[in-house]
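Visitor: Below is a structure I'd like to ask you about.
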C-alpha cells in the first residue's frame, strides 16, 4: 500500500518541478515522467488492489459490501468535487495545486505507516484450533521464524506461477466454477467500460440534434452524483437494510447497465441521453458484488485482487482496440454501434450472476456439512 503512494507523491513532485521551471525544462520532462514514475511503483491499480485485499482479509463477510461501497464513494468524491468546482489549477494555480497534491500523498503515507497495521485474517469458527492442538503446541519447542527477504519475495518467479494457477485450483462445492464465472464477469464489466470511455465525447458530437442545447458539464455532474447515490443505495439500502444477497445485487446492477446501453445506442435527444445516464447509476457499484462474492468463495486468498489488478490494464488495451475498430467502421452510418457492442458484452453478466445465485445457494448449504464432517473426523 505504501509503494503506490510513494509513486503518486513523486508524480506530483515531478509536475511541481515542471511547473516551477517550465521555461527551462523541455515539455517532455513532465510528459514522460508523469507516466513513468507512478507506473514504476504500481500506480493506482496496485493501490486499489492492496486496499481491497486489506479489507477482504480484515473484514467479516457480512460487512464487506458496506465497506467496499464506502471506499468506492470516498474514492469518487474527489472527481465529483473537481467537476463541480472546476479543476483546482484554474483558481489555485499549477504550483500550489501540485504542492498540495504532494502533501496529501505524504499525509497518506504517514497514516498508513502509523495507523494501518498488518491485517489478521478473519477466522471462521470451524478454523479455530481445538484443545488438543493447543496442548500439542504448548509441548513443542517454539519455532524460530525466519526473517523475510523482501527483494527475494519481490522477484520470486513461483509467485507468478501460483497467481496464474489460482483460478484453476481444485476447490470444493463448485468454488472453482464460481471463481471462473466471476473473473469472466469482471472482464466483461471493466473491458467495455474502458473501451467505450474515449468515444463518449465523440459520440456526443455525432448527435447534432441535442448538441446546441446540451450542457455536457451538467450531465457529468448529474452522472457523478447518480454514481455516488447508486453505490449508497446498493450498499446501505439493498444490502444492509433489505438484506439482498451479493448475487441479487449483481443481477440488479447488471440489468440497469444493459438497459442504459440500449438507450445510449439509440439516443435521439437530450432527455433520452439524460435517462440513459440515470439508468447507469450503478456504474461504481457493479464491481462490488463481483469482489465480495470472489473474496467469500476463496477466503483468505490475498492473491485474488492481485490477479484482478493485473487483468484490468490488459483488458483496457484489448477492448480499446476492438472498440476503435468498431467505431471506425460504423461512425458515419451508426455511431451508436459501440454501445450495442457493450450491450452484447454486458448481457452475459446477468446470466453469470443468476448462475452464481444458484451455485452459491448450493455452496452455502454444503459448506456447513463439510465443516461438521471435518470436526467429527478430528
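Numbering (the working numbering), first residue to last: 976 to 1353.
Glycine is no exception: its CB is placed at the ideal position from the N, C-alpha and C atoms.
Because the structure is a prediction, the values reported are computed rather than measured.
1. Considering only the beta carbon of each residue, do residue 1315 and residue 1243 sit closer than 7 angstroms?
2. Consult DSSP for residue 1164 and reduce its assignment to one of helix, strand or coil.
3. Thinking C-alpha only, which one of 1310, 989, 1208, 1326 is nearest residue 1176?
4. If you drop the 5 nearest sequence neighbours on each side, which residues of the same chain put their C-beta closer than 7 angstroms to that of residue 1273?
5. Taking only the alpha-carbon atoms, compute the straight-line gap between residue 1256 and residue 1014 and give it to the nearest angstrom.
6. Examine the Cβ distances between the segment 1258 to 1269 and the segment 1214 to 1226 and report whether three or more of them are shorter than 8 angstroms.
7. On a CA-only basis, which of 1322, 1320, 1271 is nearest residue 1336? Give me that one, please.
8. Can you name, in chain order, every residue of its own chain whose Cβ lies under 7 angstroms from the Cβ of residue 985, other than the five neighbours on each side?
9. Between the Cα of residue 1193 and the Cα atoms of 1173, 1057, 993, 1235, which residue gives the shortest distance?
10. Using only the alpha-carbon positions, how far apart do residue 1297 and residue 1312 sit?
11. Grouping DSSP H, G and I as helix and E and B as strand, with all else coil, what is residue 1310?
12. If you check the beta carbons only, do residue 1196 and residue 1322 fall under 7 angstroms apart?
13. Secondary structure at residue 994, three-state DSSP: helix, strand or coil?
14. Counting along the chain, where does the alpha helix (DSSP H) carrying residue 1195 start and finish?
15. Nearest to residue 1201 by alpha carbon, out of 1259, 1147, 981?
16. For residue 996, count neighbouring C-beta atoms within 10 Å of its own C-beta (all shown protein chains included) and say buried if the count is 16 or more, exposed if not.
17. Following the continuous alpha helix (DSSP H) through residue 1009, name the residue where it begins and the one where it ends.
18. Verify whether the separation of the beta carbon atoms of residue 1179 and residue 1228 is less than 7 angstroms.
19. Return the first residue and the last residue of the alpha helix (DSSP H) that residue 1230 is part of.
20. Using the rule of at least 16 other Cβ atoms within 10 Å of the residue's Cβ for burial, across every protein chain shown, is residue 1163 buried or exposed?
21. Taking only heavy atoms of the ligand SAH into account, decide whether any of them is closer than 6 angstroms to the Cβ of residue 1202.
22. Between residue 1141 and residue 1282, is the Cβ-Cβ spacing less than 7 angstroms?
23. Closer than 6 angstroms by C-beta to residue 1305: which residues in its own chain qualify, once you throw out the five before and the five after it? Chain order, please.
24. I need the DSSP call for residue 1099, collapsed to helix, strand or coil.
Guide: In short, the structure shows the following:
1. no
2. helix
3. 1310
4. 1150, 1154, 1279
5. 30 angstroms
6. yes
7. 1271
8. 1012
9. 1057
10. 12 angstroms
11. coil
12. no
13. helix
14. 1191 to 1207
15. 1259
16. exposed
17. 1002 to 1015
18. no
19. 1221 to 1240
20. buried
21. Among the components of this structure there are no ligands whatsoever, and the ligand SAH is therefore not found.
22. yes
23. 1312
24. Since pLDDT at residue 1099 reaches only 47, below the 50 mark, its modelled position is unreliable, and no value is offered.
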